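Quick notes on the structure that follows.
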Amino acid sequence: MLLVVAVIHVLPLVGFAGARQLRGLYGLEIDSPDLEILMRHRAMLFGILGGFFAYSAFMPPLQPIAFVGAAASVFSFFYLAGRVGGYGPAIAKVVRADLVAAICLGAAVVLYALTDGPQ
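Residue numbers (this note's numbering): 22 to 140.
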């Protein structure tokens, strides 16, 4: 389950390649160098998070840290999407992906708890 969360977080890494890739991911026109830098940096940060989530899937002692990081990532996005509202179809797709991530994260936490955590 944590690997699904990892994949969802790694997918935006393609945006690091440039404005065209970011436009494909989010349906946004990246029309200033400042916005491009911020969004490409965001893509890299998601790649780092996703890489850590994938690594922690095989390292049970790290999983609680991954759970907290993933929850912060997913639920902060839900908060922002709900609070700001009025988003388009590309952001709605991200909300749906994060819903899948949240469900998988919940399942991962339950499985972790049922197996008494790291052995």
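Ideal Cβ placement from N, Cα and C applies to all residues, glycine included. A quick note: this is a predicted structure, and the numbers were derived from the prediction, not measured.
TODO: Decide if residue 62 is buried, meaning its Cβ has at least 16 other Cβ atoms within 10 Å, or exposed.
DONE: If you number the sequence shown from 1, residue 62 lands on position 41. Its Cβ having fewer than 16 others within 10 Å, residue 62 is exposed.
Open item on the list: What does the alpha-carbon distance come out to for the pair residue 122 and residue 75?
Closed with: As a working note, residue 122 is residue 101 in the sequence shown. As a working note, residue 75 is residue 54 in the sequence shown. Looking at the two C-alpha atoms, the distance is approximately 13 Å.
Open item on the list: Quick check on the DSSP output: what are the complete alpha helix (DSSP H) runs of length 4 or more inside the segment 82 to 112, in order along the chain?
Closed with: 84 to 105, all fully within the segment 82 to 112.
Task: Contacts around residue 125, its chain only, beta-carbon distance under 6 Å, and the 5 residues preceding and following it disregarded - done: The sequence position of residue 125 within the sequence shown is 104, counting from 1. Only 22, 25 and 26 meet the Cβ criterion.
Task: Between the CA atoms of residue 133 and residue 55 - distance to the nearest angstrom - done: Taking the sequence shown and counting its residues from 1, one reaches residue 55 at position 34. Taking the sequence shown and counting its residues from 1, one reaches residue 133 at position 112. Their backbone Cα atoms lie some 41 Å apart in a straight line.
- [ ] Hey, could you find the ends of the alpha helix (DSSP H) residue 67 is sitting in?
- [x] Position 46 of the sequence shown, counted from the first residue, corresponds to residue 67. Residue 67 -> alpha helix (DSSP H) spans 54 to 78.
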